[in-house]
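2 protein chains.
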Amino acid sequence: MPLGEFDLIAKYFTRPVTRAALGIGDDCALLSPAPGMQWAVSSDMLVEGRHFLPTVSPHKLGHKALAVNLSDLAACGATPRAFTLALALPRVDEAFLQGFSDGLFALADEAGCELVGGDTTQGPLNICITVFGEVPAGQALLRSGARAGDDLYVSGTVGDARLALEAFRGTVVLERADFESTRLAMEQPQPRVALGQALRGLASSAIDVSDGLLGDLAHILRRSGVGAEVQVDAVPRSAALRRRPLAWQRTCTLAGGDDYELVFTAAPADADAVQAAARRSGVPVTRIGTVEAGPGLHLVDRDGRPVDNRFGSFDHFNAAE
Amino acid sequence: MPLGEFDLIAKYFTRPVTRAALGIGDDCALLSPAPGMQWAVSSDMLVEGRHFLPTVSPHKLGHKALAVNLSDLAACGATPRAFTLALALPRVDEAFLQGFSDGLFALADEAGCELVGGDTTQGPLNICITVFGEVPAGQALLRSGARAGDDLYVSGTVGDARLALEAFRGTVVLERADFESTRLAMEQPQPRVALGQALRGLASSAIDVSDGLLGDLAHILRRSGVGAEVQVDAVPRSAALRRRPLAWQRTCTLAGGDDYELVFTAAPADADAVQAAARRSGVPVTRIGTVEAGPGLHLVDRDGRPVDNRFGSFDHFNAAE
Numbered sequence: 000m001p002l003g004e005f006d007l008i009a010k011y012f013t014r015p016v017t018r019a020a021l022g023i024g025d026d027c028a029l030l031s032p033a034p035g036m037q038w039a040v041s042s043d044m045l046v047e048g049r050h051f052l053p054t055v056s057p058h059k060l061g062h063k064a065l066a067v068n069l070s071d072l073a074a075c076g077a078t079p080r081a082f083t084l085a086l087a088l089p090r091v092d093e094a095f096l097q098g099f100s101d102g103l104f105a106l107a108d109e110a111g112c113e114l115v116g117g118d119t120t121q122g123p124l125n126i127c128i129t130v131f132g133e134v135p136a137g138q139a140l141l142r143s144g145a146r147a148g149d150d151l152y153v154s155g156t157v158g159d160a161r162l163a164l165e166a167f168r169g170t171v172v173l174e175r176a177d178f179e180s181t182r183l184a185m186e187q188p189q190p191r192v193a194l195g196q197a198l199r200g201l202a203s204s205a206i207d208v209s210d211g212l213l214g215d216l217a218h219i220l221r222r223s224g225v226g227a228e229v230q231v232d233a234v235p236r237s238a239a240l241r242r243r244p245l246a247w248q249r250t251c252t253l254a255g256g257d258d259y260e261l262v263f264t265a266a267p268a269d270a271d272a273v274q275a276a277a278r279r280s281g282v283p284v285t286r287i288g289t290v291e292a293g294p295g296l297h298l299v300d301r302d303g304r305p306v307d308n309r310f311g312s313f314d315h316f317n318a319a320e
Numbered sequence: 000m001p002l003g004e005f006d007l008i009a010k011y012f013t014r015p016v017t018r019a020a021l022g023i024g025d026d027c028a029l030l031s032p033a034p035g036m037q038w039a040v041s042s043d044m045l046v047e048g049r050h051f052l053p054t055v056s057p058h059k060l061g062h063k064a065l066a067v068n069l070s071d072l073a074a075c076g077a078t079p080r081a082f083t084l085a086l087a088l089p090r091v092d093e094a095f096l097q098g099f100s101d102g103l104f105a106l107a108d109e110a111g112c113e114l115v116g117g118d119t120t121q122g123p124l125n126i127c128i129t130v131f132g133e134v135p136a137g138q139a140l141l142r143s144g145a146r147a148g149d150d151l152y153v154s155g156t157v158g159d160a161r162l163a164l165e166a167f168r169g170t171v172v173l174e175r176a177d178f179e180s181t182r183l184a185m186e187q188p189q190p191r192v193a194l195g196q197a198l199r200g201l202a203s204s205a206i207d208v209s210d211g212l213l214g215d216l217a218h219i220l221r222r223s224g225v226g227a228e229v230q231v232d233a234v235p236r237s238a239a240l241r242r243r244p245l246a247w248q249r250t251c252t253l254a255g256g257d258d259y260e261l262v263f264t265a266a267p268a269d270a271d272a273v274q275a276a277a278r279r280s281g282v283p284v285t286r287i288g289t290v291e292a293g294p295g296l297h298l299v300d301r302d303g304r305p306v307d308n309r310f311g312s313f314d315h316f317n318a319a320e
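Top line first, the protein sequences correspond to chains E and A.
With numbering that gives the first Met the number 0 applied, the first sequence covers 0 to 320.
With numbering that gives the first Met the number 0 applied, the second sequence covers 0 to 320.
Below you can see the structure in the form of structure tokens.
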């Protein structure tokens with residue numbers, strides 16, 4: 000007899016709950032932020048063919064499903080505390096569930112983020128996670144705080160996830176080592192949770208790069224009522240991506256998507272403090288441009304010459320993966 | 000050119016946010032409970048063919064998607080405050096989105112529950128809502144508090160949603176008025192939010208009926224370490240259901256599912272207070288049995304004779320709708 004819904008929950012998703020007042024198995028989870036703290040809350044839904052390929056291992060998928068949500072908390076500077084998981088599965092597949100829950104809980108444990116509730120049902124594969132982080136009241140990093148003259152930064156490197164996607168699509172052939180390293184970036188992104196917290200009180204605005212660097216930066220600019228100049232050749236990229244032609248490098252870094260790095264702004268006077276925060280978090284950050292008072296996003300190359308902005312944002316309705 | 004993801008969000012799901020510190024359009028929503036309050040949190044995922052039929056109107060689907068989540072808050076005695084919506088759609092269908100968002104927001108406004116964030120993507124139709132309610136710290140209604148000797152109650156009537164489902168399945172033919180009234184119960188359930196709040200400090204345990212009365216009651220019994228006797232003919236049912244044979248009435252009321260009424264327990268000394276709470280909430284409640292010290296769920300008919308318990312719980316993996 001196949002496992003039923005309640006057996007599934009019990010077998011793969013029930014763990015002792017320590018922080019939430021009440022966890023899986025009641026109608027609601029009960030969550031109390033510490034005094035003076037707010038909850039930062041974000042929901043992301045992952046669909047096969049849109050957010051992951053059918054070839055991904057269940058373990059990596061479990062990691063990624065939580066990682067993209069933790070990345071939203073990172074962009075707010077919040078400390079991960081809890082999450083709910085709603086999961087639609089075509090059928091009860093124990094090998095999938097074992098790998099998925101292992102990957103999910105490995106990252107959850109690393110991030111100190113507890114599963115406190117959720118739902119399982121039969122249906123086309125769909126993973127919806129809602130994540131809860133704590134942030135001191137009034138100190139969340141927002142998209143709306145960038146000011147003219149601020150430096151513009153990005154964490155880590157960007158573009159590898161897109162390069163790997165193109166390799167899966169067959170539009171590029173990579174050497175084995177490059178394929179493996181970029182595939183890891185696509186399938187197992189590392190949310191910049193420690194960096195986000197370290198940037199509280201320092202970054203004037205922040206967002207995580209999920210739809211492409213320029214597209215996500217545009218959200219900051221619109222919300223903040225400012226423009227920016229980006230030095231496109233200063234955008235940090237991996238050795239694997241540096242081996243591709245410059246046009247590829249630019250497309251992957253500027254419009255790649257699925258990077259889960261942080262783009263943020265900070266006053267020039269805080270440049271040393273930003274680098275110190277990056278060192279404490281173990282994640283390098285690179286200055287890639289400047290916030291401008293006038294509107295618009297201006298791209299320049301290493302010599303200061305204008306570069307056409309033909310780099311659209313990834314749109315889950317109008318772009319096929 | 001089709002609407003993109005960001006246009007969709009802007010057109011159908013962006014409204015002024017008054018309560019949350021920050022709403023749709025940043026990486027996270029920021030939520031602060033009032034002093035002394037906890038957040039009650041629940042996530043439910045709705046999939047076509049499992050939780051609703053393709054024939055449902057978008058307006059009613061918008062209502063139901065939020066209603067089933069509000070029902071979880073009701074079962075905890077929490078006051079609805081906010082929700083996130085993650086939505087996968089096969090294609091951008093503006094007629095669907097208009098009806099869906101109208102139905103969703105009509106109930107949200109009635110319940111005082113604000114949309115504070117979410118996600119939209121392309122994929123097989125899937126609706127995942129996470130709902131946030133406030134409850135005074137330590138006062139949430141739980142599944143675990145039932146005590147031997149407590150009275151057992153259910154709100155409203157149960158069984159109509161199942162009867163309507165059977166009519167859609169073609170296993171029963173209903174007169175037009177009965178079809179319409181039971182279809183309304185199935186497609187547009189009314190979460191018992193006011194009753195749940197009125198039962199705080201009064202009910203010793205509570206759960207909402209989503210998978211069938213006896214199946215959900217079994218969760219209370221297991222969590223509370225008790226048993227119960229249920230008078231199956233005392234379970235309240237509609238006039239439409241009373242017109243069916245007794246065996247149908249029992250199956251639909253005891254194992255129907257999708258009722259979204261509250262099952263709860265309370266001390267006999269509080270019987271008058273329970274009825275007063277029900278009157279204040281505008282929802283009748285009916286005593287249907289007694290909590291027992293010994294384990295197990297015993298069914299009796301109106302004459303006190305044992306009735307076989309052949310009424311399984313609805314299981315989203317092992318039952319086809």
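Virtual Cβ for every residue (Gly too), placed ideally from N, Cα, C.
Scan the segment 101-127 of chain A for residues whose Cβ lies nearer than 8 Å to a Cβ of chain E and list them as they occur along the chain.
If the cut-off is 8 Å between Cβ atoms, the segment 101-127 of chain A has VAL115, GLY116, GLY117, ASP118, THR119, THR120, GLN121, GLY122, PRO123, ASN125 and CYS127 near chain E.
For SER41 (chain E) and VAL130 (chain A), what's the separation of their Cα atoms in angstroms?
12 Å
Tell me which residues of the segment 27-41 of chain E have at least one Cβ-Cβ distance to chain A shorter than 8 Å, keeping chain order.
So the close ones are CYS27, ALA28, LEU29, LEU30, SER31, PRO32, GLN37, TRP38, ALA39, VAL40 and SER41.
Taking Cβ-Cβ distances shorter than 8 Å, what residues in chain A pair up with VAL225 (chain E)?
Ordered by position in chain A, no residue passes the 8 Å Cβ test against VAL225 (chain E), which lies about 16 Å from the chain.
Give the DSSP-derived three-state secondary structure of PRO89 (chain A) in the structure shown.
coil
Distance check for GLN230 (chain E) and GLY303 (chain E), CA to CA, integer angstroms please.
8 Å
At 9 Å on the CB atoms, spell out the chain A contacts of LEU240 (chain E), in chain order.
Going along chain A, no residue has its Cβ under 9 Å from LEU240 (chain E), so there is no contact; the nearest lies around 25 Å.
Please confirm whether VAL225 (chain E) and GLU165 (chain E) have their CB atoms less than 8 Å apart.
no
Taking the C-alpha atoms as reference points, what is the distance between PHE313 (chain E) and GLY214 (chain E)?
Legend: pLDDT at PHE313 (chain E) = 48, less than 50; position of this residue unreliable, value from coordinates given subsequently. Using only the alpha carbons, I get a separation of about 7 Å.
Would you mind stating whether LEU140 (chain A) and ALA110 (chain A) have Cβ atoms separated by less than 8 Å?
no
For ARG236 (chain E) versus THR156 (chain E), is the C-beta spacing smaller than 8 Å?
yes
For ALA184 (chain E) and THR83 (chain E), the rounded distance between their alpha carbons:
25 Å
ARG199 (chain E) versus chain A: which residues are under 9 Å apart at the beta carbon?
Chain A residues near ARG199 (chain E): none, gap ~13 Å exceeds 9 Å.
If we cut at 8 Å on Cβ distances, does ALA66 (chain E) have a partner in chain A?
no
So GLY76 (chain E) and PRO267 (chain E) are supposed to be a Cβ contact under 8 Å. How far apart are they, rounded?
The pair is not a contact, with the Cβ atoms about 20 Å apart (cut-off 8 Å).
Quick one: grab the DSSP three-state call for CYS27 (chain E).
coil
Distance cutoff 8 Å, beta carbons only. Does ALA193 (chain A) sit that close to anything in chain E?
no
Between ASP300 (chain A) and the rest of its own chain, which residues show a CB-CB distance below 7 Å, the 5 nearest in sequence each way excluded?
If we look at ASP300 (chain A) and ignore the five residues flanking it on each side, its Cβ neighbours are VAL231, ASP232 and VAL306.
Using 8 Å for Cβ pairs, my map puts CYS127 (chain A) next to MET36 (chain A). What's the rounded Cβ distance?
That pair is no contact at about 25 Å.
Of all Cβ atoms in chain A, is any one closer than 8 Å to the Cβ of ALA20 (chain E)?
Any reading at ALA20 (chain E) must be qualified, since the residue scores a pLDDT of 49, below 50, and its modelled position is unreliable; no value is offered.
Would you decide whether ARG80 (chain E) is buried or exposed? Buried here means 16 or more other CB atoms lie within 10 Å of its CB.
buried
Determine, for VAL208 (chain A), whether the minimum Cβ-Cβ distance to residues of chain E falls below 8 Å.
no
Give me the subset of the segment 280-305 of chain E whose CB atoms are less than 7 Å from a CB atom of chain A, sorted by chain position.
none
Beta-carbon proximity check, PHE12 (chain A) vs GLY117 (chain A), cutoff 8 Å
Yes; because the gap between Cβ atoms is below 8 Å, this pair is in contact.
Would you list the residues sitting across from ALA107 (chain E) in a DSSP beta bridge?
Partner(s): none; ALA107 (chain E) has no beta bridge.
Buried or exposed for GLY281 (chain A), going by 16 or more other Cβ atoms inside 10 Å?
Exposed, because fewer than 16 other Cβ atoms sit within 10 Å of the Cβ of GLY281 (chain A).
Taking the alpha-carbon of ASP6 (chain A) as reference, which of A:VAL67, A:LEU65 and A:THR119 has the nearest alpha-carbon?
A:THR119
Checking the sheet assignment: what are the DSSP bridge partners for ASN125 (chain E)?
Assignment of beta-bridge partners to ASN125 (chain E) by DSSP yields E:VAL46 and E:ALA87.
For THR252 (chain E), I'd like the list of residues in its chain whose CB is within less than 6 Å of its CB, leaving aside the five on either flank, ordered along the chain.
VAL157, GLY158, VAL234 and ARG236
Under 8 Å between C-beta atoms, does ALA265 (chain A) make it to chain E?
Cβ-Cβ to chain E under 8 Å: no for ALA265 (chain A).
What I want to know is whether the C-beta of GLN187 (chain E) ends up closer than 7 Å to one or more non-hydrogen atoms of the ligand SAH.
In terms of ligand content, the structure shown is empty, and the ligand SAH therefore cannot be addressed.
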